[in-house]
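Read the structure below first, then the notes.
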Amino acid sequence: MSACAVALIVIATILGPITLIFMSVSFGTDHWLEFRVNYAKIPAKEKDSIKKYPTGRYYVSRDRGMFRECYPDNNTEFLQNAIGVVDGYCFNINYDQPSDNVKRSESFMSRLHLNRCFLAFFIIAIVVFLLAYVFGLILCCMRVSRWAYIAGLCAYTSAFSLAAAIAFFHGAEYIERNKLNGGERANEQEFYPSWSASLKEATERSYGWSYALAWVGMILASLAATFYSLAGCYITGDRYEDREILEKHKVRDYPIAMEPVYAVGADPYYNKHYGYPRAYLGPLAPEYYARSYPTISYGDPHKDTWQWREIES
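Going by the working numbering, the first residue of the sequence shown is number 213, and it counts up by one from there.
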């Protein structure tokens with residue numbers, strides 16, 4: 213196998229665990245969205261809302277991931293009366309269908325389904341890339357182009373799934389910030405359009421490092437897929453090149469059985485002949501392989517009754 217194919221396989225194999233680490237860290241951390249609230253811009257009459265639940269959730273700096281929304285700030289008095297607190301300062305994000313009898317808007321349900329697709333496609337991306345890495349390890353052992361193409365296809369599928377997951381995330385975020393007019397639950401300022409003007413001005417929203425790791429994981433998965441595919445092309449090219457060289461420089465140092473050629477009798481009176489017909493064994497056969505054998509026939513012994521005809525295969 214050529215040095216280019218070996219180098220591509222090695223690089224793709226090294227990128228495999230790195231890509232899985234980036235994807236897994238992005239999947240499990242809580243820094244996809246970061247909200248930072250400047251308390252100096254909040255009017256005094258609204259600062260009392262910080263101590264209350266649930267309005268206090270939106271007046272405090274927080275980080276949101278795929279599964280949790282956490283409040284690392286010290287000003288978290290509202291958590292004392294909060295319901296469903298996890299680890300002392302986080303709330304789980306619910307992907308289930310609302311079980312209450314409150315009618316939800318179409319935008320709310322669309323956001324919910326987009327978030328579900330976001331989670332599902334991210335899981336698919338991790339699982340499929342894990343399969344691609346396993347096929348890459350098989351490629352290191354067997355050096356067959358088929359495994360390279362399979363690993364490349366799985367890695368490309370993983371990169372596409374991760375890109376789709378990010379697209380669903382942005383779709384859900386867009387609906388949350390522009391389509392949901394007001395809170396979907398009573399006495400909650402759940403979404404951005406229902407916030408007060410001062411809260412909107414005091415809150416700064418940005419994408420966190422978990423979001424950046426997802427993009428890096430998608431790029432690395434695409435690179436690994438490209439390296440696997442190129443390695444498969446090199447392996448296939450080397451195989452056909454070796455076959456052509458073998459056929460061109462093949463040396464026949466052994467007798468090759470070809471279509472046997474038998475003596476054709478010319479005696480018009482008696483056509484049954486006895487003896488051993490000579491088979492044509494090729495120009496490289498030793499001389500004793502091509503010896504003719506004495507024949508037995510009836511007629512004039514001084515008259516040649518045999519004619520030889522060699523047929524080329």
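Here a beta-carbon is modelled for each residue, glycine too, at the ideal position from N, C-alpha and C. Nothing here was measured: the structure is a model prediction, and the numbers come from that model.
Inset, instruction - Buried or exposed for Asn327, please, with buried defined as at least 16 other CB atoms from any protein chain shown within 10 angstroms of its CB. - result: By the beta-carbon neighbour count (other beta carbons within 10 angstroms, threshold 16), Asn327 is buried.
Inset, instruction - For Ala414, I'd like the list of residues in its chain whose CB is within less than 6 Å of its CB, leaving aside the five on either flank, ordered along the chain. - result: Contacts found: Val249, Asn250, Lys253 and Ile254.
Inset, instruction - Count the other C-beta atoms from every protein chain shown that fall within 10 angstroms of the C-beta of Ile527, then say buried if there are 16 or more, exposed otherwise. - result: Outside the shown range of the chain (213 to 525) lies residue 527, about which nothing can therefore be said.
Legend entry - Neighbour-count burial assignment, Asp275, 16 or more Cβ in a 10 Å radius: Burial is judged here by how many other beta carbons sit within 10 angstroms of a residue's own beta carbon; Asp275 has at least 16 and is buried.
Legend entry - Cα-Cα separation between Tyr361 and Ile335, rounded to whole angstroms: Cα-Cα distance, rounded: 22 Å.
Legend entry - Beta-ladder partner(s) of Asp275, from DSSP: Secondary-structure assignment with DSSP links Asp275 through a beta bridge to Glu246 and Cys282.
Inset, instruction - Let me know the secondary structure DSSP gives Ser415 once reduced to three states. - result: Ser is not the amino acid found at residue 415; the sequence shown has Thr there. Collapsing the DSSP output to three states places Thr415 in a strand.
Legend entry - Collapsed DSSP secondary structure at Asn287 in the structure displayed: Asn287 falls in the coil class under three-state DSSP.
Inset, instruction - Classify Leu432 as buried or exposed, calling it buried when 16 or more other Cβ atoms lie within 10 Å of its own Cβ. - result: Buried.
Legend entry - Same chain only: Cβ atoms within 7 Å of Thr241, ignoring 5 sequence neighbours per side: Correct list, in chain order: Gly277 and Ser422.
Inset, instruction - For the alpha helix (DSSP H) containing Phe380, list its first residue and its last residue. - result: Per DSSP, Phe380 is one residue of the alpha helix (DSSP H) stretching across Ser357 to Asn390.
Inset, instruction - Evaluate contact between the segment 289-301 and the segment 436-446, counting only Cβ atoms and requiring at least three cross-stretch pairs below 8 Å. - result: Flag = no, the segment 289-301 and the segment 436-446 do not touch.
Inset, instruction - Say whether the segment 353-368 touches the segment 379-393, bearing in mind that this needs 3 or more beta-carbon pairs closer than 8 Å, one atom from each stretch. - result: Counting C-beta pairs closer than 8 Å gives fewer than three between the segment 353-368 and the segment 379-393, which falls short of the contact rule.
Inset, instruction - Please report the Cβ distance between Tyr283 and Leu411, rounded to the nearest whole angstrom; I am assuming they are in contact, meaning their Cβ atoms lie under 8 Å. - result: With a Cβ gap of about 16 Å, Tyr283 and Leu411 do not count as contacting.
Legend entry - Neighbourhood of Gly228 by C-beta, 7 Å cutoff - its chain only, sequence neighbours within 5 removed: Answer for Gly228: Tyr345, Gly348 and Ala436, listed in chain order.
Inset, instruction - Kindly indicate which residue of Phe320, Ala376 and Leu351 has the alpha-carbon position closest to the one of Lys391. - result: Among Phe320, Ala376 and Leu351, the Cα nearest to that of Lys391 is on Phe320.
Inset, instruction - Quick one: give me the first and last residue of the alpha helix (DSSP H) that Asn304 is part of. - result: That residue, Asn304, is in no alpha helix (DSSP H); its beta strand (DSSP E) goes Cys302 to Asn304.
Legend entry - Nearest to Glu318 (by Cα), restricted to the options Ala409, Gly300, Met235 and Asn393: Of the listed residues, the one whose Cα sits closest to Glu318 is Asn393.
Inset, instruction - Would you check if the distance between the CB atom of Phe341 and the CB atom of Leu425 is smaller than 8 Å? - result: With contacts defined by Cβ atoms closer than 8 Å, Phe341 and Leu425 do not form a contacting pair.
Legend entry - Spatially closest choice to Lys159 from Pro310, Leu220, Thr288 and Ser418, by CA coordinates: As displayed, the chain neither begins before 213 nor continues past 525, which places residue 159 out of reach and without an answer.
Inset, instruction - Note the first and the last residue of the continuous alpha helix (DSSP H) segment covering Phe333. - result: Taken as a continuous stretch (DSSP letters only), the alpha helix (DSSP H) holding Phe333 covers Glu318 to Met354.
Legend entry - Rounded separation between Leu331 and Ser434 - CA only: Note on geometry: alpha-carbon atoms of Leu331 and Ser434 lie some 20 Å from one another.
Inset, instruction - Sort Ile338, Glu246 and Gly444 by Cα distance to Arg358 and report the nearest one. - result: Nearest option by C-alpha distance: Gly444.
Inset, instruction - Just mark Ala224 as buried or exposed, buried being the case when its beta carbon has 16 or more other beta carbons within 10 Å. - result: Buried is the call here.
Inset, instruction - Determine the direct distance from the alpha carbon of Gly300 to that of Lys263, and round the result to whole angstroms. - result: Cα-Cα distance, rounded: 16 Å.
Legend entry - C-beta atoms of Phe290 and Tyr307 nearer than 8 Å: No, Cβ-Cβ distance for Phe290 and Tyr307 is not below 8 Å.
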